[in-house]
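Q:
Number of protein chains: 2
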Amino acid sequence: MPTPSALENIRIVLSRPSHPGNIGAAARAMKTMGFASLVLVQPRRFPDPDAAAMAAGADDILAGARVVETLEEALADCSLAAGLSARRRDLSHPASALRDAVPGLLAAAVAQPVALVFGNETSGLSNEELARCQRLVSIPANPAYSSLNLAASVQIACYELAVASGGFEVAAARERMAATGEDVAGFFTHLEATAVESGFLDPANPGRFMERMRRLYARAGLEREEVKLLRGLLWRLTAKR
Amino acid sequence: MPTPSALENIRIVLSRPSHPGNIGAAARAMKTMGFASLVLVQPRRFPDPDAAAMAAGADDILAGARVVETLEEALADCSLAAGLSARRRDLSHPASALRDAVPGLLAAAVAQPVALVFGNETSGLSNEELARCQRLVSIPANPAYSSLNLAASVQIACYELAVASGGFEVAAARERMAATGEDVAGFFTHLEATAVESGFLDPANPGRFMERMRRLYARAGLEREEVKLLRGLLWRLTAKR
């Protein structure tokens, strides 16, 4: 399945990351969601064995990462830069919740490069960095503890963009052969007859037993194979009596 | 702001986690999204300094974690258990994408405990573990690289549940004093007069200049303070001529 093209136009920019392990974990997070373009602004240590270790199989993202001196350089060809923050701050920009911001980011990314900018692990985005962004995007978090790990923020942002772009499907379930109406009707007739025959169900005063059974199995959504098993059991139980 | 009550009924179960660092990172991920209940089934090492280090400020979650011997024990009082997987597998249960599964999980959690079950980092959930779950939930991921880190999976799942439960608000922007219609009209009159006076705009043949300006500033959403600054600039420029 091809990577949705809007995602190819979205780059992840980590500004002044302190811990190379976080760079590696961010690369892994990006790759799981189909992103490839990573730009590092003044990383404290990079390349670094800790980055490689945390990247797991995403070393290609690290190998292709661009290292630059200024955020301006990282954003030079971008039509839109969104600063990510989980922190409450005295905002110079109005902040959008991530999910609300995603459609606008994807729309912009159809035509031109778009950047998601993540600040330093401890200090976050500075006001100067924020001033280079046209959007401020917040990941809604527990106000009592909004300390999202850097790579965790990258993971959530990339996940939201990937879901919104309709990118990846969930693995399909094993082929189910649903029971037909005839299968199901045969089962209920069988069940009712067995219940009556056993003395459990009084045909003169059946109450809601069959209604409850129909509701239960309707909720489950019977498969053909399951009907066979259930009827096999019923046969066996009545043969034994 | 109180934690939404459905979230209190949701526990995170890590089955056979190998790396204590992942337990700590999962605790941090949980806490950022307002979750507190962590159950560990046969963790290889716990408690452990690596877990504490990765938990950052979420040591309370680790301190309150329950360690049990079997998944059955972890789920004994749960009305619903959902197994999480990013992997394609020959599914015994039909899998739902996380976002589709969330409303059902939250609805069940209003009344009774609900568990999200995460398997071992390397091997994922075994078929036996999966058989203890009533739902299989997948995080849609890049089919070419679906290797989500354990704590990253916990982060995404908790984020989805928190967003869907309407839990946390994004930090409000600094109070904006939007310009009134009168402010804006005054600005455009001023701008047009200045443009004509300067010779830039020919009143006999104005083209679409003012229309473009109106569109631009409408998009930006002018603040009262900004109108003052722009008009101050216009005055200054015309005074200079």
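Listed in order, the protein sequences are those of chains R and E. Okay, so the first sequence: first residue is 5 according to the working numbering, each after it adds one. Okay, so the second sequence: first residue is 5 according to the working numbering, each after it adds one. Ideal placement from N, C-alpha and C gives every residue a C-beta, glycine not left out.
Using the Cβ count rule (16 or more neighbours within 10 Å means buried), how would you classify residue 76 (chain R)?
A: For the purposes of this step, residue 76 (chain R) is taken as residue 72 along the first sequence, with counting starting at 1. Looking at its Cβ environment, which holds fewer than 16 other Cβ atoms inside 10 Å, residue 76 (chain R) is exposed.
Q: With the cut-off set at 8 Å, would you say residue 29 (chain E) and residue 33 (chain R) are in Cβ contact?
A: Position 25 of the second sequence, counted from the start, is the residue given in the question as residue 29 (chain E). Position 29 of the first sequence, counted from the start, is the residue given in the question as residue 33 (chain R). No.
Q: Just to confirm my understanding: we take residue 180 (chain R), look at its own chain, exclude 5 residues before and 5 after, and list those with CB closer than 6 Å. What are they?
A: Locating residue 180 (chain R) in the first sequence gives position 176, counting from the first residue. Cβ within range, chain order: 227.
Q: State the Cα-Cα distance for the pair residue 110 (chain E) and residue 13 (chain E), rounded to the nearest angstrom.
A: Within the second sequence, numbered from 1, the residue matching residue 110 (chain E) stands at position 106. Within the second sequence, numbered from 1, the residue matching residue 13 (chain E) stands at position 9. Cα-Cα distance, rounded: 9 Å.
Q: Contact criterion: CB-CB distance below 8 Å. Does residue 5 (chain R) meet it with respect to chain E?
A: Translated into positions along the first sequence, residue 5 (chain R) becomes position 1. Only weak support is given to the placement of residue 5 (chain R): the predicted model assigns it a pLDDT of 34, under 50, and the value that follows is read from those uncertain coordinates. By this cut-off, residue 5 (chain R) is an interface position.
Q: 8 Å is my cut-off, CB to CB: does residue 172 (chain R) come that close to chain E?
A: Working through the first sequence from its first residue, we reach residue 172 (chain R) at position 168. Output row for residue 172 (chain R): interface = yes.
Q: I'd like to know whether the C-beta atoms of residue 69 (chain E) and residue 43 (chain E) end up nearer to each other than 8 Å.
A: Counting from 1 along the second sequence, the entry for residue 69 (chain E) is found at position 65. Counting from 1 along the second sequence, the entry for residue 43 (chain E) is found at position 39. Yes, they are a contact pair.
Q: Using DSSP with H/G/I as helix, E/B as strand and the rest coil, what is residue 70 (chain E)?
A: One-based indexing of the second sequence puts residue 70 (chain E) at position 66. Of the three classes helix, strand and coil, the one that applies to residue 70 (chain E) here is strand, per DSSP.
Q: My output table needs one value for residue 26 (chain R): the three-state DSSP class, helix, strand or coil.
A: Taking the first residue of the first sequence as 1, we reach residue 26 (chain R) at position 22. Correct three-state label for residue 26 (chain R): helix.
Q: I'd like to know if residue 116 (chain R) contacts chain E, where contact means its C-beta is closer than 8 Å to some C-beta of that chain.
A: Here residue 116 (chain R) is taken as the residue at index 112 of the first sequence, counted from 1. Cβ-Cβ to chain E under 8 Å: no for residue 116 (chain R).
Q: Taking only runs that begin and end inside the segment 110–195 of chain R, name each unbroken beta strand (DSSP E) of 3 or more residues, in chain order.
A: 118–122, 139–142
Q: Could you tell me which residues DSSP pairs with residue 4 (chain R) in its beta bridges?
A: Residue coverage of chain R in this structure runs from 5 to 245, which leaves residue 4 (chain R) outside it and unanswerable.
Q: Going by C-alpha to C-alpha distance, which of E:51, E:10, E:240, E:232 sits closest to residue 112 (chain E)?
A: Taking the second sequence and counting its residues from 1, one reaches residue 112 (chain E) at position 108. Nearest to residue 112 (chain E) by C-alpha distance, out of E:51, E:10, E:240, E:232, is E:10.
Q: Which class does residue 100 (chain R) belong to by DSSP, given the choice of helix, strand or coil?
A: As a position in the first sequence, residue 100 (chain R) is number 96, starting the count at 1. Of the three classes helix, strand and coil, the one that applies to residue 100 (chain R) here is strand, per DSSP.
Q: Starting from the C-beta of residue 159 (chain E), find all residues in its chain whose C-beta is less than 6 Å away, skip the five residues before and the five after it, and write them out in chain order.
A: Locating residue 159 (chain E) in the second sequence gives position 155, counting from the first residue. Within the same chain, residue 159 (chain E) has close Cβ partners 33.
Q: For residue 9 (chain E), which three-state DSSP category applies?
A: Counting from 1 along the second sequence, the entry for residue 9 (chain E) is found at position 5. Of the three classes helix, strand and coil, the one that applies to residue 9 (chain E) here is helix, per DSSP.
Q: Tell me, please, whether the CB atom of residue 232 (chain E) is closer than 8 Å to any CB atom in chain R?
A: The residue given as residue 232 (chain E) occupies position 228 in the second sequence. For residue 232 (chain E), the answer is no, since every Cβ of chain R falls outside 8 Å of its Cβ.
Q: Indicate whether at least one CB of chain R lies closer than 8 Å to the CB of residue 221 (chain E).
A: Counted from its first residue, the second sequence places residue 221 (chain E) at position 217. Not an interface residue.
Q: Assess, as a yes-or-no matter, whether the segment 73–88 of chain E is touched by the segment 47–54 of chain E under the definition of 3 or more beta carbon pairs within less than 8 Å.
A: no
Q: Hey, is the segment 229–243 of chain R in contact with the segment 203–220 of chain R, meaning 3+ C-beta pairs nearer than 8 Å?
A: Because the criterion of three Cβ pairs below 8 Å is not met, the segment 229–243 of chain R and the segment 203–220 of chain R do not touch.
Q: Mind reading off the beta-carbon distance from residue 100 (chain R) to residue 118 (chain E)? Whole number of angstroms is fine, and I expect it under 8 Å.
A: The residue you call residue 100 (chain R) lines up with position 96 of the first sequence. The residue you call residue 118 (chain E) lines up with position 114 of the second sequence. Not really, about 30 Å apart at Cβ, beyond 8 Å.
Q: Cβ closer than 8 Å: which chain R residues qualify as neighbours of residue 61 (chain E)?
A: One-based indexing of the second sequence puts residue 61 (chain E) at position 57. In chain order: 149, 151.
Q: Going straight from the alpha carbon of residue 140 (chain E) to that of residue 162 (chain E), what length do you get?
A: For the purposes of this step, residue 140 (chain E) is taken as residue 136 along the second sequence, with counting starting at 1. For the purposes of this step, residue 162 (chain E) is taken as residue 158 along the second sequence, with counting starting at 1. In a straight line, the C-alpha of residue 140 (chain E) is about 16 Å away from that of residue 162 (chain E).
Q: The beta strand (DSSP E) that contains residue 18 (chain R), what's its start and end?
A: Taking the first sequence and counting its residues from 1, one reaches residue 18 (chain R) at position 14. Here the beta strand (DSSP E) through residue 18 (chain R) covers 14–19.
Q: Check each residue of the segment 31–47 of chain E: if its Cβ is closer than 8 Å to any Cβ of chain R, include it; give the result in chain order.
A: 32, 33, 35, 36, 37, 38
Q: Considering only DSSP beta bridges, list what residue 45 (chain R) is partnered with.
A: What you label residue 45 (chain R) is simply residue 41 of the first sequence in a count that begins at 1. Among the bridge pairs identified by DSSP, residue 45 (chain R) is matched with R:19, R:72.
Q: Can you tell me whether DSSP reads residue 241 (chain R) as helix, strand or coil?
A: As a working mapping, residue 241 (chain R) is identified with position 237 in the first sequence. Here residue 241 (chain R) sits in helix by DSSP.
Q: Name, in chain order, the residues that DSSP records as bridge partners for residue 87 (chain R).
A: Locating residue 87 (chain R) in the first sequence gives position 83, counting from the first residue. Paired residues: R:121, R:140.
Q: Distance cutoff 8 Å, beta carbons only. Does residue 138 (chain E) sit that close to anything in chain R?
A: Translated into positions along the second sequence, residue 138 (chain E) becomes position 134. It does not: the Cβ of residue 138 (chain E) has no partner Cβ on chain R nearer than 8 Å.
Q: Excluding the five sequence neighbours on either side, which residues of its own chain have a C-beta within less than 7 Å of the C-beta of residue 194 (chain E), listed in chain order?
A: Residue numbering aside, residue 194 (chain E) sits at position 190 when the second sequence is read from its first letter. Here the set comprises 235, 238.
Q: Identify which residue in E:197, E:200, E:165 has its Cα closest to the Cα of residue 103 (chain E).
A: Your numbering for residue 103 (chain E) matches position 99 in the second sequence. The option with the nearest alpha carbon to residue 103 (chain E) is E:165.
Q: Just to make sure I have the definition right: I need the residues of chain R whose C-beta is within less than 7 Å of the C-beta of residue 167 (chain E). Which are they?
A: On the second sequence, residue 167 (chain E) is found 163 positions in, with the first residue counted as 1. Near residue 167 (chain E) (Cβ distances below 7 Å), the residues of chain R are 103, 144.
Q: Does DSSP put residue 32 (chain R) in a helix, a strand or coil?
A: Position 28 of the first sequence, counted from the start, is the residue given in the question as residue 32 (chain R). Residue state, collapsed to three classes: helix.
Q: In this structure, does DSSP put residue 37 (chain R) in helix, strand or coil?
A: Locating residue 37 (chain R) in the first sequence gives position 33, counting from the first residue. Coil at residue 37 (chain R), not helix or strand.
Q: Using a Cβ cut-off of 8 Å (strictly closer), state whether residue 99 (chain R) contacts chain E.
A: Here residue 99 (chain R) refers to the residue found at position 95 when the first sequence is read from its first residue. Yes - at least one Cβ of chain E is within 8 Å of the one on residue 99 (chain R).
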